[in-house]
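Going by our numbering, the letters in the sequence shown line up with residues 100 to 373, in that order. Glycine is no exception: its CB is placed at the ideal position from the N, C-alpha and C atoms.
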Amino acid sequence: MALRDRGLEIKTPDQIGLMRVAGRLVGETLELLRDAVRPGVTTLDLDTLAETHIRDHGGVPSFKGYSQPPFPATICASVNDEVVHGIPGARALVEGDVVSIDCGAIVEGWHGDAAITVPVGEVADDVRELLRVTEESLWRGMAAARLGGRVTDISHAIETYVRAQGRYGILEDYTGHGIGTEMHMAPNVPNYGRRGRGPSIVQGLALAVEPMVTLGSKHTDLLEDEWTVATVDGSFAAHFEHTFTVTERGAWVLTAVDGGEARLGALGVPFGGR
């Protein structure tokens, strides 16, 4: 059983190893879905592919049946101005769309959670840059985490990078989160704020970091399906997420297929995986 410290779930190294199994399955599923995105594919096609892959590899979808009203699918598939929590369906993707795919899996009681935003064919230059900025901010945030640091060190690094790139909206009402034996746990991990605040980053703490950035307003509406979150101004949005932890050796991205070694190394961050 994982230990609890001030409301946070602190895992043993072996338990983090189990999370890596779930995380790698999520990462491999997202890579499969990335390759499947093309004009004419429906978001339901992507969902079916994800569920089959997860179950065939010993996992259970984290999202299906989650919360109230119960989420009805394996992935969240959010298109264009839909930021997060889009419900897969008959909508066919077309050239110029972007689709954000959020995926979670449980293996032996441990969760992994990650997201990517994928262009459909050729997209506008400002949209492609939005995707680049959002993904890079995720890596900058994780790179800022150190044992003994604070959770908002991650938040500050994300916001600082995005603000330096242009006039983007950073969602404030939706945040990253702790993760482990449950998908959503304390602490929250905002995508903005001052460094040096929030809980300490300690060995055994696992976090899902997920910047959500728009080409316009940071404000959103919840649609009638009670799940899909969309920008109020119709601007395109991007969402990237990884589950990661910090060990004595460095950062370990549990949902990256390579553990994050290449991207972290490019940022000068020691790799903490095994």
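Could you check whether residue j and residue i sit closer than 8 Å to each other, using their CB atoms as the reference points?
i: LEU132; j: ALA149; result: yes
i: PRO187; j: ASP155; result: no
i: VAL197; j: VAL328; result: no
i: GLY126; j: ALA213; result: yes
i: LEU229; j: ALA337; result: yes
i: GLU234; j: GLY195; result: no
i: ARG231; j: ILE257; result: no
i: GLY203; j: MET118; result: no
i: GLY372; j: LEU107; result: no
Under the assumption that residue i contacts residue j (Cβ atoms under 8 Å), give the Cβ distance between them as a whole number of angstroms.
i: THR344; j: THR354; result: So it is not a contact: roughly 11 Å between Cβ atoms.
i: GLY315; j: GLY268; result: 6 Å
i: ILE200; j: ALA176; result: 6 Å
i: GLY158; j: ILE205; result: 6 Å
What residues in its chain sit with their C-beta under 8 Å from that of residue i, if we drop five residues either side in the sequence?
i: GLU370; result: Looking at the sequence shown, residue 370 is not Glu but Phe. ARG348, GLY349, ALA350, TRP351, GLY358, GLY359, GLU360, LEU363 and GLY364.
i: ARG105; result: PRO298
i: THR141; result: PRO187, GLY188, ALA189, ARG190, ALA191 and LEU192
i: GLU271; result: PRO289, ASN290, TYR291 and LYS317
i: ALA135; result: ASP144, LEU145 and LEU148
i: THR128; result: ALA149, HIS152, ILE153, CYS202 and ALA204
Which of the three DSSP states, helix, strand or coil, is assigned to residue i?
i: ARG296; result: coil
i: MET284; result: strand
i: HIS276; result: strand
i: ARG119; result: helix
i: GLU235; result: helix
i: PRO310; result: coil
Give every residue of the same chain whose Cβ lies closer than 7 Å to the Cβ of residue i, excluding the five residues on either side of it in the sequence, and list them in chain order.
i: VAL368; result: ALA242, GLY349 and ALA350
i: VAL293; result: Contrary to the premise, residue 293 reads as Arg rather than Val in this sequence. These residues qualify, in order along the chain: THR251 and HIS255.
i: TYR260; result: GLU235, SER236 and ARG239
Note down, in chain order, each residue of its chain lying with its Cβ closer than 6 Å to the Cβ of residue i, except the 5 sequence neighbours on either side.
i: GLY333; result: ASP180
i: ARG137; result: none
Validate contact between the region 305-325 and the region 268-286 using beta carbons, cut 8 Å, 3 pairs: Under the 8 Å Cβ criterion, the region 305-325 counts as touching the region 268-286, having at least three qualifying pairs.
contact_flag[the region 105-123, the region 162-181] where n(CB pairs < 8 Å) is 3 or more: Output reads no: the region 162-181 does not touch the region 105-123.
Cβ pair count under 8 Å reaching 3, the region 310-318 against the region 203-213: As far as the Cβ criterion goes, the region 310-318 does not touch the region 203-213, which means the pair count is below three.
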